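Position in the sequence shown (from 1) plus 336 gives the number in our numbering.
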Amino acid sequence: MLKRKNQTNNRKKGLILIGSFLILSGICLVGSKYIYNYLQDKKEETLIDNFYEDQKDITIETVVETDEEQIEEVETPVVKSTPNYVAVIKIPKINLEKGICNKGTSCNNVNGNIQILNEADYPDKENGNFILAGHSGTGKVAYFKNLYKLSLDDDISVFYGGKEYKYKVKNIYDIDKTGTADIIRNTNKTTLTLITCRQGTKKQIIFICELVEKVEV
């Protein structure tokens, strides 16, 4: 009888130890994920801060070109330091502020960042179209997960080349997810296009934004 009680007690102790180990393992996993996300957020804040500091160092240098017939002044941007990001997008309504890498770099990838599509123009091109794609959903890289909350005339800013490009949302529409996007915009306007998946569907949602103001940073 005593032997059975000892066996029962030992079994209970074993279960308690296993349960405690599983609980501690779960806490460690959750804690490590939290710490990782915190460190990633702090790194992003630092990169964005560095970007804004670099934007202050972008100056305009006047170069005088001469020939026999005319003298022409050409303004050329001079960057005093190389930023980690080529641009930053800021959407106050959904509390998004994210750095964007240059085309042709490894971090310009929708699986790790907001991506500038190859077909995109940069914001400083008159009547150009700056096209950005990002994931929706619940993952860490789902930077466009809250785009669906935007409405017409909401404000979006892109910081690029020492200037802030201010846009307003002018059109929102869905397309089938086929790997290509039909972008409907006024080609006589300088635009920003945002593309992401509409959660729970096989559709993509497209936001067409038009430039309303450009100011020095």
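We put the CB at the ideal spot given by N, CA and C, even for glycine.
Because the structure is a prediction, the values reported are computed rather than measured.
Let me check one thing: in DSSP terms, what residues is F543 bridge-paired to?
I508, L530
Look at N420 and N386 and say whether their C-beta atoms are less than 8 Å apart.
The Cβ-Cβ distance between N420 and N386 falls below 8 Å.
Do you know how far the Cα of I384 is from the Cα of G536?
About 32 Å.
Within-8 Å CB hit, I541 to chain B:
The structure shown contains no chain B; it is built from a single protein chain.
What's the C-alpha gap between K550 and S493?
10 Å
Along the chain, where does the beta strand (DSSP E) containing V494 start, and where does it finish?
In the DSSP assignment, V494 falls within the unbroken beta strand (DSSP E) covering 491–496.
Using only the alpha-carbon positions, how far apart do K499 and T474 sit?
32 Å
I'd like to know if the segment 503–512 and the segment 478–488 are in contact, where contact means that at least 3 CB-CB pairs between them fall below 8 Å.
yes
Helix, strand or coil at T500 [DSSP, three-state]
The amino acid occupying residue 500 in the given sequence is Glu; Thr does not appear at that position. Residue state, collapsed to three classes: strand.
Residues sharing a beta bridge with V446, DSSP
V446 is bridged by DSSP to nothing; it lacks a bridge partner.
Taking E552 as the reference, which of G497, K539, E546 has the closest Cα?
G497
Nearest-angstrom Cα distance between F495 and I359?
46 Å
With burial defined as no fewer than 16 other Cβ atoms inside 10 Å of the residue's Cβ, what is the status of N465: buried or exposed?
Buried.
Where I354 falls, given that 16 or more other Cβ within 10 Å makes a residue buried:
exposed
Using the beta-carbon count (16 or more within 10 Å), is I352 buried or exposed?
I352 comes out exposed.
Hey, K434 and I452 are a contact pair by Cβ (cut 8 Å); roughly how many whole angstroms apart?
At roughly 12 Å, the Cβ-Cβ gap does not stay under 8 Å, so K434 and I452 are not in contact.
Same chain only: Cβ atoms within 7 Å of A517, ignoring 5 sequence neighbours per side:
Within the same chain, A517 has close Cβ partners I511, I531, Q540, I542.
With the cut-off set at 8 Å, would you say C545 and Y484 are in Cβ contact?
no
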